[in-house]
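These notes are about the structure you will find just below.
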Amino acid sequence: MVSRKTTIHYNREQDQWCVKLNERMYPLHCGESFLLHIGKTTFSCQLELDANWYVIVQETPFVLHPTTIYSVSM
Numbered sequence: 004m005v006s007r008k009t010t011i012h013y014n015r016e017q018d019q020w021c022v023k024l025n026e027r028m029y030p031l032h033c034g035e036s037f038l039l040h041i042g043k044t045t046f047s048c049q050l051e052l053d054a055n056w057y058v059i060v061q062e063t064p065f066v067l068h069p070t071t072i073y074s075v076s077m
């Protein structure tokens with residue numbers, strides 16, 4: 004499978020994170036995995052939902068900030 008670099012953003016109306024692929028927005032669901040790019044470092048992570056949406060990176064949870072657009076590879 005070829006990874007494609009793109010972005011994810013939070014959709015408040017749907018209360019979920021969405022990914023942009025081929026000029027269309029697709030909702031992400033709990034358990035989905037992707038590569039998260041922070042600065043020059045890439046982390047393999049899994050999306051989860053508790054009181055807030057978060058990702059698990061190397062067994063450590065990080066809360067996603069709803070006003071931030073994140074760079075990812077899917």
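The numbering used here puts the first residue of the sequence shown at 4, with every later residue one more than the last.
For glycine and all other residues, C-beta sits at the position ideal for the given N, C-alpha and C.
Note that this is a predicted model, so its numbers are computed, not measured.
Check E62 in the structure and name its three-state DSSP category.
Position 59 of the sequence shown holds residue 62. In the structure shown, E62 adopts coil according to DSSP, grouped into three states.
Can you say whether F37 is buried or exposed, counting buried as having 16 or more other CB atoms within 10 angstroms of its CB?
As a working note, residue 37 is residue 34 in the sequence shown. Flag for F37 reads buried.
Quick one: is V66 buried, meaning 16 or more other Cβ sit within 10 Å of its Cβ, or exposed?
The sequence position of residue 66 within the sequence shown is 63, counting from 1. So V66 ends up on the exposed side.
Going straight from the alpha carbon of Q49 to that of N25, what length do you get?
Locating residue 49 in the sequence shown gives position 46, counting from the first residue. Locating residue 25 in the sequence shown gives position 22, counting from the first residue. It is roughly 22 Å from the alpha-carbon of Q49 to the alpha-carbon of N25.
Can you tell me whether DSSP reads S36 as helix, strand or coil?
Numbered from its first residue, the sequence shown carries residue 36 at position 33. Three-state result, S36: strand.
How is Q19 classed by DSSP in three states: helix, strand or coil?
Along the sequence shown, one-based indexing puts residue 19 at 16. Three-state DSSP puts Q19 in a strand.
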